[in-house]
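Trainee:
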Amino acid sequence: MPYLLILPAGLWLIVFFVVPAVQLFATSLYDPSGSLATGYAMTGDLGNYPRALGDYWPQLLRSLGYAAVATLACLALGFPLAYAIALKAGRWRNMLLVAVIAPFFTSFLIRTLAWKTILSDTGVLVGLLRHAHLLGADGRLLATPFAVVAGLTYNFLPFMVLPLYASLERFDRRLLEAAGDLYAGPVAGFRRVTLPLAAPGIVAGTLLTFIPAAGDYVNAQLLGTPRTAMIGNVIDSAFLVRLDYPSAAALSFVLMFAILVLTVGYLRRVGAGALDAVS
Amino acid sequence: MRRPPLDPETRALLAALTPRPAAKRTTSRRAVLAGFGAAALAAVGGCGTEGTQQTEQSCTSTDTSATDKKLAFSNWPQYLDVDDADDNRHPTLDAFEKQTGIRVTYHEEINDNDQFFGKIQNQLAHCRPTGRDIIVLTSWLAGRLISLGWVQELDPAKIPNVRANLLPSLRSRATDPGGRHAVPWQGGLTGLAYNASVTKEVRTVDELLTRPDLKGKVTMLTELRDTMGLMLQSLGHDPAEFTEAQFDAALDKLRTAVDSGQIRRFTGNDYAPELQRGDIAACVGWSGDIIQLSAQDDRISFVAPDSGIMLFTDDMMVPNQAAHRSNAEALMNYYYEPETAAKLAAYVNYICPVQGAQDAMTKVDPDLADNPLIFPTPDLLGKAKEFMPLTEAQSRTYNEKFQTVIGT
Chain A
1 MPYLLILPAG LWLIVFFVVP AVQLFATSLY DPSGSLATGY AMTGDLGNYP
51 RALGDYWPQL LRSLGYAAVA TLACLALGFP LAYAIALKAG RWRNMLLVAV
101 IAPFFTSFLI RTLAWKTILS DTGVLVGLLR HAHLLGADGR LLATPFAVVA
151 GLTYNFLPFM VLPLYASLER FDRRLLEAAG DLYAGPVAGF RRVTLPLAAP
201 GIVAGTLLTF IPAAGDYVNA QLLGTPRTAM IGNVIDSAFL VRLDYPSAAA
251 LSFVLMFAIL VLTVGYLRRV GAGALDAVS
Chain B
1001 MRRPPLDPET RALLAALTPR PAAKRTTSRR AVLAGFGAAA LAAVGGCGTE
1051 GTQQTEQSCT STDTSATDKK LAFSNWPQYL DVDDADDNRH PTLDAFEKQT
1101 GIRVTYHEEI NDNDQFFGKI QNQLAHCRPT GRDIIVLTSW LAGRLISLGW
1151 VQELDPAKIP NVRANLLPSL RSRATDPGGR HAVPWQGGLT GLAYNASVTK
1201 EVRTVDELLT RPDLKGKVTM LTELRDTMGL MLQSLGHDPA EFTEAQFDAA
1251 LDKLRTAVDS GQIRRFTGND YAPELQRGDI AACVGWSGDI IQLSAQDDRI
1301 SFVAPDSGIM LFTDDMMVPN QAAHRSNAEA LMNYYYEPET AAKLAAYVNY
1351 ICPVQGAQDA MTKVDPDLAD NPLIFPTPDL LGKAKEFMPL TEAQSRTYNE
1401 KFQTVIGT
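Going down the list, the sequences are from chains A and B.
No gaps in the numbering here: position 48 of the first sequence is 48 in our numbering, and each next residue is one more.
No gaps in the numbering here: position 68 of the second sequence is 1068 in our numbering, and each next residue is one more.
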């Protein structure tokens, strides 16, 4: 019976994940000297991996770096927000939750394009920053790494807020009162009661933010420069422009693998280590 | 204090990722996975892919036009006239339907050459129908489809207007040897553009790449042929015939400009709003976009540098296995009537490939009849070059080099 229940999802996963992933892996082993007209021979050439990595490691590192910064920014912005919605918002709670999700009613592309207007050289924000001498007369925000990370942070913020909210919402505030009775100040109370109880939400939120952000290419394309290109942009151009399918497939696998390794390391550390340390 | 409970999802995730002693299981999960993987690998990808070259013999198409009065036409957005009152009506196309009784399904579905190629390549590679009778692609990609044998040969007897009225300069083109597979829909020029409210006039590619007041306010196009065509010309080389060393020299010049921070970004059509806002002071752009922008804002102008500009056409083709070739030929023929061509050009503002349309335009919209970006003067056309057709190997080499400079 349990096997019957996992059948639909299992089939879905096999058809739409396992089979394409295997095909992608096979493509990454094709003879790179093949072409569209003559076809690609299956040579099991593992050399595509070191070649692709040798050419594009800067973009790969940059992607992981940008995604990490954006994830931290999401956490810094998202935690107070989720905390306020879950514990302080009272009857405004549902409305605030809707407000968090509201941007999803607009397309991802439109939202990212809107950042071009917000950060525009001739816009209000840049004008104010220049006026305050926080930005030189020729300084700009658009087409900088800042713009790319800001776009990533904005676009993935709800993925951080919602899991945080879900874990804080179940939080029993009497635990904090009890901590206070036991002479814990606000800081100690936060560190030793609130934070550990929010840990599952932090773990889920950071993963849901980091993983898609590392593979994103829209923000870098629309808000960045040639020097902020991410690995997603490279894969996009390898598949569609250069028609270099073996390299594109190899890079896709490298990205998948890098994210998997980071995720496993993170889960083990946070899941087994950090939580133990707190308790 | 007890260890706080993890939520079930995280716990399950952790359990799945943490290896445990395999003693309890008779077959280890890893062995099962490995077995599955190997089997799937053998089944799906063991043997590589086949070549995709087609010929008249290997892929024959049947024409059902005589009994089936239908036509599926795929084109770029805003590339056909629309009725002032109703955006869904196209006066010239409606007139064609009335005149011939052919029902046309019009799709504005082509946004990007490379992406559209990705969309149709699987069908065409295996000689399967794409469901489209006419597709419009830029001439370099049209050339690739033609050389792969993926499009049907047209019957010259059925397109007399094209034979009579196609501009002489577009007649013998390297992308379509013999001129029997592709018919230009519209053409365009790639040159420079600037916004006079932000900067003073920009006359040459060198100014664009080095003038200090433009630093960080210049964009160029992600299309290799447009950007590198202008770069090659700025060094005095001919984009219609160049060597790899010349390409490398032009690319070095571009790299210097990218490294110095002069070039802000490489763009598709999205440079237009930024140029209008003034985030971009000057750029490499397409003539049709710039006419439309300058109609709204006269501080934006198109510049044809003396070193030269690029000419491209978007070509109509009938893909293999399209079932309505004769209907498609009727449509091509119709759009090469000068009056129809003038009506179309008055709306889309690109270069009209039809001789006689300029005279017809004096009746449609006299203001446009002497616009050199719709009906280029011989002087302007003299500056314009087409990019040489690249073999697949050349295309990959050049694209690899170019993509490195533009960051990807």
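We put the CB at the ideal spot given by N, CA and C, even for glycine.
When the Cβ atoms of the stretch 1254 to 1267 of chain B are set against those of the stretch 1219 to 1229 of chain B, are three or more pairs found closer than 8 Å?
Mentor: The stretch 1254 to 1267 of chain B is in contact with the stretch 1219 to 1229 of chain B.
Trainee: Could you have a look at residue 1314 (chain B) and say whether DSSP puts it in helix, strand or coil?
Mentor: On the second sequence, position 314 is the one that residue 1314 (chain B) refers to. Residue 1314 (chain B) falls in the strand class under three-state DSSP.
Trainee: Rounding to the nearest angstrom, what Cα-Cα distance links residue 1026 (chain B) and residue 3 (chain A) in this structure?
Mentor: To locate residue 1026 (chain B), count along the second sequence from 1; it is residue 26. To locate residue 3 (chain A), count along the first sequence from 1; it is residue 3. Confidence is the limiting factor: at residue 1026 (chain B) the pLDDT is only 49, short of 50, which leaves the residue's position unreliable, though a coordinate-based value still follows. Each residue's alpha carbon lies about 18 Å from the other.
Trainee: Put residue 140 (chain A) into one of helix, strand or coil per three-state DSSP.
Mentor: Mapped onto the first sequence, residue 140 (chain A) falls at position 140. Coil, per DSSP.
Trainee: Taking its Cβ as the centre, do 16 or more other Cβ atoms sit within 10 Å of residue 108 (chain A), making it buried, or is it exposed?
Mentor: Position 108 of the first sequence, counted from the first residue, corresponds to residue 108 (chain A). The residue in question, residue 108 (chain A), is exposed, as its Cβ has fewer than 16 Cβ neighbours within 10 Å.
Trainee: I'd like to check one pair, residue 1361 (chain B) with residue 1145 (chain B): are the Cβ atoms closer than 8 Å?
Mentor: Here residue 1145 (chain B) refers to the residue found at position 145 of the second sequence. Here residue 1361 (chain B) refers to the residue found at position 361 of the second sequence. Taking 8 Å as the Cβ cut-off, residue 1145 (chain B) and residue 1361 (chain B) do not qualify as a contacting pair.
Trainee: Residue 265 (chain A) and residue 164 (chain A) look like a contact to me (Cβ under 8 Å); what is the Cβ gap, rounded to whole Å?
Mentor: Translated into the one-based positions of the first sequence, residue 265 (chain A) becomes position 265. Translated into the one-based positions of the first sequence, residue 164 (chain A) becomes position 164. With a Cβ gap of about 22 Å, residue 265 (chain A) and residue 164 (chain A) do not count as contacting.
Trainee: What are the start and end residues of each continuous alpha helix (DSSP H) run of 4 or more residues lying completely inside the stretch 189 to 249 of chain A, in chain order?
Mentor: For the stretch 189 to 249 of chain A, whole alpha helix (DSSP H) runs of length 4 or above, ordered along the chain, are 195 to 215, 218 to 223 and 231 to 240.
Trainee: Is residue 237 (chain A) close to chain B, meaning its C-beta is less than 8 Å from at least one C-beta of that chain?
Mentor: Position 237 of the first sequence, counted from the first residue, corresponds to residue 237 (chain A). It does: the Cβ of residue 237 (chain A) has a partner Cβ on chain B nearer than 8 Å.
Trainee: Helix, strand or coil for residue 288 (chain A), going by three-state DSSP, please let me know.
Mentor: Beyond the ends of chain A as shown, which are 1 and 279, falls residue 288 (chain A); an answer cannot be given.
Trainee: Is residue 1103 (chain B) closer than 8 Å to residue 1109 (chain B) when the C-beta atoms are compared?
Mentor: Reading the second sequence from its first residue, position 109 is the one you call residue 1109 (chain B). Reading the second sequence from its first residue, position 103 is the one you call residue 1103 (chain B). Going by C-beta atoms, residue 1109 (chain B) is not nearer than 8 Å to residue 1103 (chain B).
Trainee: Consider the Cβ of residue 71 (chain A): report whether some Cβ of chain B lies at a distance smaller than 8 Å.
Mentor: On the first sequence, residue 71 (chain A) is found 71 positions in, with the first residue counted as 1. Not an interface residue.
Trainee: DSSP state of residue 1237 (chain B), grouped into three classes?
Mentor: For the purposes of this step, residue 1237 (chain B) is taken as residue 237 along the second sequence, with counting starting at 1. Three-state DSSP puts residue 1237 (chain B) in coil, outside helix and strand.
Trainee: Residues of chain A with CB closer than 9 Å to the CB of residue 1120 (chain B), please, in chain order.
Mentor: In the second sequence, counting from the first residue as 1, residue 1120 (chain B) sits at position 120. Going along chain A, no residue has its Cβ under 9 Å from residue 1120 (chain B), so there is no contact; the nearest lies around 13 Å.
Trainee: Measure from the C-beta of residue 1141 (chain B) to each C-beta in chain A and report whether the shortest distance is under 8 Å.
Mentor: Reading the second sequence from its first residue, position 141 is the one you call residue 1141 (chain B). No, residue 1141 (chain B) does not count as interfacial toward chain A.
Trainee: Excluding sequence positions up to five away, which residues of its chain have a Cβ less than 7 Å from the Cβ of residue 178 (chain A)?
Mentor: The residue you call residue 178 (chain A) lines up with position 178 of the first sequence. If we look at residue 178 (chain A) and ignore the five residues flanking it on each side, it has no Cβ neighbours.
Trainee: Only counting the same chain, and skipping five residues up and downstream in sequence, which positions put a Cβ closer than 8 Å to that of residue 116 (chain A)?
Mentor: Numbered from its first residue, the first sequence carries residue 116 (chain A) at position 116. Cβ within range, chain order: 142, 222 and 223.
Trainee: For residue 1022 (chain B), would you say it is in contact with chain A, using Cβ-to-Cβ distances shorter than 8 Å as the test?
Mentor: The sequence position of residue 1022 (chain B) within the second sequence is 22, counting from 1. Residue placement at residue 1022 (chain B) cannot be trusted, given a pLDDT of 41 that sits under 50; the coordinates are not used to answer.
Trainee: Would the stretch 1106 to 1125 of chain B count as touching the stretch 1289 to 1303 of chain B if we require 3 or more Cβ pairs under 8 Å?
Mentor: Flag = no, the stretch 1106 to 1125 of chain B and the stretch 1289 to 1303 of chain B do not touch.
Trainee: Sort out for me which residues DSSP pairs residue 1286 (chain B) with in a bridge.
Mentor: Looking up residue 1286 (chain B) in the second sequence gives position 286. B:1190, per the DSSP bridge assignment.
Trainee: Using a threshold of 8 Å, state whether the C-beta atoms of residue 85 (chain A) and residue 96 (chain A) are closer than that.
Mentor: Here residue 85 (chain A) refers to the residue found at position 85 of the first sequence. Here residue 96 (chain A) refers to the residue found at position 96 of the first sequence. Contact: yes.
Trainee: Within 7 Å: the Cβ of residue 1345 (chain B) and any heavy atom of the ligand GDP?
Mentor: By its list of ligands, the structure shown contains no ligand whatsoever, and the ligand GDP lies outside what it can speak to.
Trainee: Taking a contact to mean a Cβ-Cβ separation below 8 Å, would you say residue 48 (chain A) touches residue 250 (chain A) in this structure?
Mentor: As a working note, residue 48 (chain A) is residue 48 in the first sequence. As a working note, residue 250 (chain A) is residue 250 in the first sequence. Going by C-beta atoms, residue 48 (chain A) is nearer than 8 Å to residue 250 (chain A).
Trainee: Does the distance from the CB of residue 158 (chain A) to the CB of residue 210 (chain A) come in under 8 Å?
Mentor: As a position in the first sequence, residue 158 (chain A) is number 158, starting the count at 1. As a position in the first sequence, residue 210 (chain A) is number 210, starting the count at 1. Not a contact, by the Cβ cut-off of 8 Å.
Trainee: Count the other CB atoms within 10 Å of the CB of residue 9 (chain A); is the residue buried (16 or more) or exposed (fewer)?
Mentor: One-based indexing of the first sequence puts residue 9 (chain A) at position 9. Under this definition residue 9 (chain A) is an exposed residue.
Trainee: With DSSP collapsed to three states, give me the class of residue 1185 (chain B).
Mentor: The residue labelled residue 1185 (chain B) in the question sits at position 185 within the second sequence. It is a strand residue.
Trainee: From what residue to what residue does the alpha helix (DSSP H) around residue 167 (chain A) run?
Mentor: Within the first sequence, numbered from 1, the residue matching residue 167 (chain A) stands at position 167. Element bounds for residue 167 (chain A): 145 to 169.
Trainee: Below 8 Å on the Cβ atoms is my contact criterion, and I expect residue 1189 (chain B) with residue 1287 (chain B) to pass it. Report the Cβ-Cβ distance as a whole number of Å.
Mentor: Numbered from its first residue, the second sequence carries residue 1189 (chain B) at position 189. Numbered from its first residue, the second sequence carries residue 1287 (chain B) at position 287. Rounded, the Cβ-Cβ distance is 4 Å, consistent with contact.
Trainee: To the nearest whole angstrom, what separates the beta carbons of residue 1083 (chain B) and residue 1091 (chain B), a pair I think is in contact under 8 Å?
Mentor: Residue 1083 (chain B) sits at position 83 when you count from the first residue of the second sequence. Residue 1091 (chain B) sits at position 91 when you count from the first residue of the second sequence. With 8 Å as the limit, residue 1083 (chain B) and residue 1091 (chain B) qualify as a contact, their Cβ atoms being about 6 Å apart.
Trainee: If I follow the unbroken alpha helix (DSSP H) through residue 1070 (chain B), where does it start and stop?
Mentor: As a first step, residue 1070 (chain B) is located in the second sequence; it is residue number 70 there, counting from the start. Run containing residue 1070 (chain B): none in the alpha helix (DSSP H); it sits in the beta strand (DSSP E), 1070 to 1075.
Trainee: Can you find a CB in chain B that lies within less than 8 Å of the CB of residue 42 (chain A)?
Mentor: Translated into the one-based positions of the first sequence, residue 42 (chain A) becomes position 42. For residue 42 (chain A), the answer is yes, since a Cβ of chain B falls inside 8 Å of its Cβ.
Trainee: Under 8 Å, Cβ to Cβ, is there at least one residue of chain C near residue 1195 (chain B)?
Mentor: Among the chains of the structure shown, chain C does not appear; the protein chains present are A and B.
Trainee: What does DSSP give as the partner residue(s) for residue 42 (chain A) in the beta ladder?
Mentor: Locating residue 42 (chain A) in the first sequence gives position 42, where the first residue counts as 1. For residue 42 (chain A), which the question treats as bridged, DSSP gives the partners A:30.
Trainee: Quick check: the Cα distance between residue 1340 (chain B) and residue 1334 (chain B), rounded to an integer number of angstroms?
Mentor: Within the second sequence, residue 1340 (chain B) is the residue found at index 340, counting from 1. Within the second sequence, residue 1334 (chain B) is the residue found at index 334, counting from 1. Using only the alpha carbons, I get a separation of about 7 Å.
Trainee: Let me know the secondary structure DSSP gives residue 1324 (chain B) once reduced to three states.
Mentor: In the second sequence, residue 1324 (chain B) corresponds to position 324, counting from 1. Coil, per DSSP.
Trainee: Among the residues of its own chain, which have a CB less than 7 Å from the CB of residue 1161 (chain B), if the five just before and after it don't count?
Mentor: Position 161 of the second sequence holds residue 1161 (chain B). Closer than 7 Å at the Cβ level, and outside the excluded window around residue 1161 (chain B), lie 1333, 1336 and 1337.
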